[in-house]
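Structure first, commentary second.
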RNA sequence: GGGCAAGUAGCUCAGCUGGUUAGAGCGCCACGUUGACAUCGUGGAGGCCAGGGGUUCGAGUCCCUUCUUGCCCACCA
């Protein structure tokens, strides 16, 4: 027998939350059920960057995933949620470099080895911090399976994937135009460059044409550029082939100003006829478009800028200057030498490094690339044919658009922190890739080997995450059991960075989709703005938890939201959800204070039948609980998490607390015997326990605390309940409803609302009891059974309540309520005013009449009865019938008041 | 230049495949506190669902269009 637990008057989230998490972990509840017969549910946690503390975005991801995971666990699936951490390549290196900078050092002062040691220290420190924060959030992950991208397992997966792609010819090395961040001193993929519009100048420059034989006057061609300093690297001029202005110069040569180089004028489709002068300088070394033009027309590539972002030896006396310095100086020289035509203000898109915001310079360098087209084709099919479902659906279109226009992926980074590219060159120049560090060149046996100094894009390892964490490339048990995983839940902002790459890599490496569903959540905003450290409006989840509790934070993050839509989080919302937690707690206190010994039975066996009392209200609440279970389950299945949360929230507050608890108080008081009382208590406990399980995935801590408390009173009577709500069964769906009880209670609610309304309107002293007579016609028996409830509910105060089928003699000075199919007479001596009563009834009469008109208008509308769904027609007809009945009664009362 | 989202009560947002009199939280007004809860209860005020057009028996929901805001993508230098 478990000792009965006491409940504190005030709920203390902190104390409760700290207590349960450790117990859950220790008990092993977060480990997947080993039973191989069970269906699996697997979520791989998106590895948070180990670049600092968790922010609200992480809390959002964690809350949604934990909701899904806990729900599936309760559904009986063998559930695995695998936690991970990411080394965050460039971002990670950047934070440590900043730390070094504060000490006045650079990574070069330390050297590669020492620097990497420092990186590892840092990662460990912050990895722990993140782990702690996840504990506080209550994530039900299997910590024993935690993975870090730089761990031996995932690292070997990275090498294996690289080697496979390399040997298949899908990875190549080449000198191509790349995005270069001068500050980070590394190449970047297209995705890591963020374009922002900036004011700038469009500089018009005239290039002399090389004179033709016999041509006496020097002709010029005018171009426009936003980056005049790159003129020094020009190797051509391009015009549109259909541009009549330039047909006669195509094929001739122009002389590049200052550089004094003769370059061909070529015709190319990409040149716009409208922009600038219609002629464009071609600078293959420093512009992606120009690089392609250069390729097509076999123009040479010249670099005037080095990897340090400064002008190089090809820039003549501009060597050593930064772009910022060189540009005005060069324009000045153009002016002096008569090449400058004009400069115009011109806003244009400038690429910045995603991480450090430095302006990115496109330049040609040797990099490693993934030939992406074949991977993208397979990834497109997987979504198109439905093997992967993206929620919300609209992001599938975004995905298609990106995949269809994808360009080769630059995967080499000139960083130190990351997975080293597993390619070696031997003394004899043989180049080869290998999974294990090689001792000798496989071709010539040379032992003089040099590994490529570059590391891989951090997203390369992330792309393997759904299977590298499960043991790939080995034939691991987890991989066999849990792959493909079930849901990939993450923010839409990394659809391309991560989701798309996982799909490509997953299909290529395993031949299977990495996950069946992609659920994309929105971003969290504070006020109107996106959270960012720069703006200083980052909300720390730990602080919010301190103030409101984890459960309140978690439900705030999932309720009232829609997949893929951004959400605002505010103190008001957090407060209202903290109040909800408090409401639940207090409802629990009420239940507990009444339930001495709860006859617990296996919850699975209890579903279809009302467990205890047979009263109308008791049958009603059980029927409603069943309906809410079905609805909540359906919504969760459809990933309508916000709606699911709202459904249970409203049931608990607006039905269970506002009505049933109040009714139960009355029933317990009025019950004729102990057996009846026991029935009511059982019912109370049953519905409450049921609701706790529905709420558990959304607010795990308070529900566990209450559940354990409730269970401590349970007379388990041979049944073995779950030791924790974490592994308790999800309430099963049942079609068991009690339509009669629901209809009868709806009538009760209508009457009660009418009474409260009337008291408020007549300003009856809230403490005063007044008698009432209910004229119920054929419903006299039902009304008698609920008369005490109607009389005693808060705000009613009717006593005595007499129920008759019809009135023998009129009641003097009574106000009347026509509601729920009955008439309630309330004599209000001293307060009743004929004129006021008449006005009130007439107002109601007008409302009912209007309503009848509307419904009859609908029914009379041509085509409605024939074309509308039958149930809609029936509903409207029923409505008209009951409204007419009500109207007749109102008319009668009005008539009697007048006469 | 292309695409997407949002525009619903004073504020922040729900509203699934079209179907009662459009909802919630917060805020506001009035009243209420001796045992679940003032982190509360009861009652109330407050919305031509951005504008216009269309489809339909029926539109917040579907289609077209305009406006406003935000975001994403893109090789007009």
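Residue numbers (our numbering): 3 to 901.
Every residue, glycine too, gets a C-beta built ideally from N, C-alpha and C.
(message) If I follow the unbroken beta strand (DSSP E) through residue 9, where does it start and stop?
(response) Taken as a continuous stretch (DSSP letters only), residue 9 belongs to no beta strand (DSSP E), as it is neither H nor E.
(request) Check whether the Cβ atoms of residue 559 and residue 70 lie closer than 9 Å to each other. (result) no
(message) For residue 610, which residues in the same chain have their Cβ closer than 7 Å to its Cβ, ignoring the five residues on either side in sequence?
(response) Caution applies to residue 610, whose pLDDT of 41 falls short of 50 and renders its modelled position unreliable; the value that the coordinates give is listed next. Counting only Cβ-Cβ distances below 7 Å, and skipping sequence neighbours, we find 736 and 738.
(message) Can you list, in chain order, the residues of its chain with a C-beta nearer than 7 Å to that of residue 343? Leave out the 5 residues immediately preceding and following it.
(response) 206, 207, 208 and 224
(message) Just to confirm before moving on: does the CB-CB distance between residue 501 and residue 511 stay below 9 Å?
(response) no
(request) My understanding is that residue 429 touches residue 448, with C-beta atoms under 8 Å, so please give their C-beta distance in whole angstroms. (result) 5 Å
(message) I need the straight-line Cα distance from residue 496 to residue 701, nearest angstrom please.
(response) 27 Å
(message) Residues in the same chain with beta-carbon distance under 6 Å from residue 470, minus the five sequence neighbours each way, listed in chain order, please.
(response) 156 and 159
(request) Output the distance between the C-alpha atoms of residue 613 and residue 56, rounded to the nearest integer angstrom. (result) Reliability fails at residue 613, whose pLDDT of 47 lies under 50, so the model's placement of it is uncertain and no value is given.
(request) Return the chain-ordered ranges of every beta strand (DSSP E) run that is complete within the stretch 266-321 and spans a minimum of 3 residues. (result) 281-284
(request) Under the assumption that residue 554 contacts residue 583 (Cβ atoms under 8 Å), give the Cβ distance between them as a whole number of angstroms. (result) 5 Å
(request) Determine the DSSP secondary structure at residue 813, reduced to helix, strand or coil. (result) coil
(message) According to DSSP, is residue 601 part of a helix, a strand, or is it coil?
(response) coil
(message) Which complete alpha helix (DSSP H) runs does the stretch 47-85 hold, if anything under 4 residues is left out?
(response) 58-76
(request) Tell me whether residue 133 sits in a helix, a strand or coil according to DSSP, three-state version. (result) helix
(request) Let me know the beta strand (DSSP E) ranges lying completely inside the stretch 347-432, each 3 residues or longer, listed in chain order. (result) 350-355, 363-372, 391-393 and 425-428
(message) Going by the DSSP bridge assignment, what does residue 490 pair with across the sheet?
(response) 520
(message) In whole angstroms, give me the CA-to-CA distance for residue 477 and residue 483.
(response) 10 Å
(request) Taking all protein chains shown into account, decide if residue 359 is buried (16 or more other Cβ within 10 angstroms of its Cβ) or exposed. (result) exposed
(message) If we require 4 or more residues per run, which alpha helix (DSSP H) segments fall completely within the stretch 772-848?
(response) 782-794
(request) Could you pull the start and end residues of the beta strand (DSSP E) that residue 200 belongs to? (result) 195-200
(message) Would you call the stretch 65-85 in contact with the stretch 106-115, where contact means no fewer than 3 C-beta pairs closer than 8 Å?
(response) no
(message) Taking only three categories from DSSP, how would you classify residue 182?
(response) strand
(request) Kindly indicate which three-state DSSP category residue 344 falls into: helix, strand or coil? (result) strand
(request) Can you give me the start and stop residues for the beta strand (DSSP E) that residue 204 sits inside? (result) 203-210
(message) Can you tell me whether residue 602 is buried or exposed? The criterion is at least 16 other CB atoms within 10 Å of its CB, across all chains shown.
(response) buried
(message) For residue 605, count the other beta carbons within 10 Å of its own beta carbon; 16 or more makes it buried, fewer makes it exposed. Which is it?
(response) Residue confidence for residue 605 is low, a pLDDT of 49 falling below 50, so the modelled location carries little weight; the figure read from the coordinates is stated next. Burial call: buried.
(request) Count the other C-beta atoms from every protein chain shown that fall within 10 angstroms of the C-beta of residue 883, then say buried if there are 16 or more, exposed otherwise. (result) exposed
(request) Sort out for me which residues DSSP pairs residue 224 with in a bridge. (result) 208
(request) Report buried or exposed for residue 446, applying the criterion of at least 16 other Cβ atoms within 10 angstroms of its Cβ. (result) exposed
(message) I'd like the list of long-range same chain contacts for residue 4, defined as Cβ closer than 6 Å, with 5 residues on each side in sequence excluded.
(response) The predicted position of residue 4 is uncertain, since its pLDDT is 48 and thus under 50; no value can be drawn from it.
(request) Assign residue 31 to one of three DSSP states: helix, strand, or coil. (result) coil
(message) Does residue 619 pass the burial test, meaning 16 or more other C-beta atoms within 10 Å, or should it be called exposed?
(response) buried
(message) Given this structure, state the Cα-to-Cα distance separating residue 572 from residue 526, to the nearest angstrom.
(response) 10 Å
(message) I'd like to know whether the C-beta atoms of residue 806 and residue 775 end up nearer to each other than 9 Å.
(response) yes
(message) So, under 8 Å CB-CB, residue 622 and residue 744 are touching, yes? Tell me the CB distance rounded to an integer number of Å.
(response) 6 Å
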